[in-house]
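Trainee:
In our numbering, the protein residues as written are -16 to 241.
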């Protein structure tokens, strides 16, 4: 095994993904309480003290809600952009914060981390590609569209976690207020199923072993719709369909590894 991951939970109620590679264990986002993060880590067989770093994508509460408390409780450094650190108020607490820059890779032991810019309505949102032992895991949620730089960053990853937030018809006819619908549908909002499928249809390659769809809306989506859109797009493009999984809000995913 070169790299593996488990999504501890994903959705508007909280997001966190555990990635192991090169003998290093990191959490990408920490949007649950410190107590809940510890509980979910134990559910997948890991003690919270074993985490080496928190990699944060942006400052919204469903991605950073427990980050500062977890970092302080377990002596774990937080890695994020300068804009995210300021917007999240990380500098005011006890946590150690190490600022990073999009498109400037860095190493955590034998795990290489490649941050890249993501279009979302936050201060300085990023996604990640993590590499160890010749394997690559890509993570991107909370983006309104998929520009070329995002697609290039995710290309040929062995494992992928990609947002598939909403079904367009469900969102447009659903109960959200019009200003929330406009935000979600905007170029810096969230990915709909068809756009997520289009991105995956381009970036999934022969090396891709598993795709996890993340941040599904409980109000405006369903796992069946999201997974179906990806399967259809991969079939249309003649791509081999890897293992597909829709992450849940309430419980961790299985482990995916290469």
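Virtual Cβ for every residue (Gly too), placed ideally from N, Cα, C.
1. Quick one: what's got a C-beta closer than 6 Å to residue 53's C-beta in the same chain, skipping five residues either side?
2. CB residue 146 to CB residue 118, shorter than 8 Å?
3. If contact is defined by three or more beta carbon pairs under 8 Å, each pair taking one atom from either stretch, is the stretch -4 to 8 in contact with the stretch 32 to 51?
4. So what does DSSP say about residue 17, is it helix, strand or coil?
5. Are the beta-carbon atoms belonging to residue 122 and residue 11 less than 8 Å from one another?
6. So what does DSSP say about residue 193, is it helix, strand or coil?
7. Considering only C-alpha positions, which residue in the set 75, 226 and 126 is nearest to residue 170?
8. Rounding to the nearest angstrom, what Cα-Cα distance links residue 242 and residue 23 in this structure?
9. Going by CA-CA distance only, name the one from 187, 160, 29 and 8 that's closest to residue 36.
10. Per DSSP, residue 122 forms a beta bridge with which residues?
11. In chain order, which alpha helix (DSSP H) runs of at least 4 residues are fully inside the stretch 39 to 71?
12. On the three-state DSSP scale, how would you describe residue 129?
13. Is there contact here, the stretch 191 to 210 with the stretch 143 to 160, by at least three beta-carbon pairs under 8 Å?
14. In chain order, what residues of the same chain have a beta carbon less than 6 Å from the beta carbon of residue 232, not counting five sequence neighbours either side?
Mentor: In this structure, then:
1. In the chain shown, counting from the first residue as 1, residue 53 sits at position 70. These residues qualify, in order along the chain: 13, 17 and 20.
2. The sequence position of residue 146 within the chain shown is 163, counting from 1. The sequence position of residue 118 within the chain shown is 135, counting from 1. No, the pair does not count as a contact, with Cβ atoms beyond the cut-off.
3. Cβ pair count under 8 Å is three or more, so yes.
4. Reading the chain shown from its first residue, position 34 is the one you call residue 17. It is helical.
5. Taking the first residue of the chain shown as position 1, residue 122 is located at position 139. Taking the first residue of the chain shown as position 1, residue 11 is located at position 28. Yes, they are a contact pair.
6. Against the chain shown, residue 193 aligns to sequence position 210. Secondary structure at residue 193: strand, using DSSP grouped into helix, strand and coil.
7. Indexing the chain shown from 1 puts residue 170 at position 187. Nearest option by C-alpha distance: 126.
8. Given a span of -16 to 241 for the chain in the structure shown, any question on residue 242 remains unanswerable.
9. Counting from one through the chain shown, the residue named residue 36 turns up at place 53. When only C-alpha atoms are compared, the closest one is 8.
10. Translated into the one-based positions of the chain shown, residue 122 becomes position 139. BP columns for residue 122 point to 111 and 144.
11. Segments of the alpha helix (DSSP H) lying fully in the stretch 39 to 71: 44 to 47, 50 to 57 and 65 to 71.
12. By 1-based counting over the chain shown, the position of residue 129 is 146. DSSP places residue 129 outside both helix and strand once states are collapsed to three, so it counts as coil.
13. Pairwise C-beta distances place the stretch 191 to 210 in contact with the stretch 143 to 160, as three or more of them are shorter than 8 Å.
14. Counting from one through the chain shown, the residue named residue 232 turns up at place 249. Answer for residue 232: -8, -6 and -4, listed in chain order.
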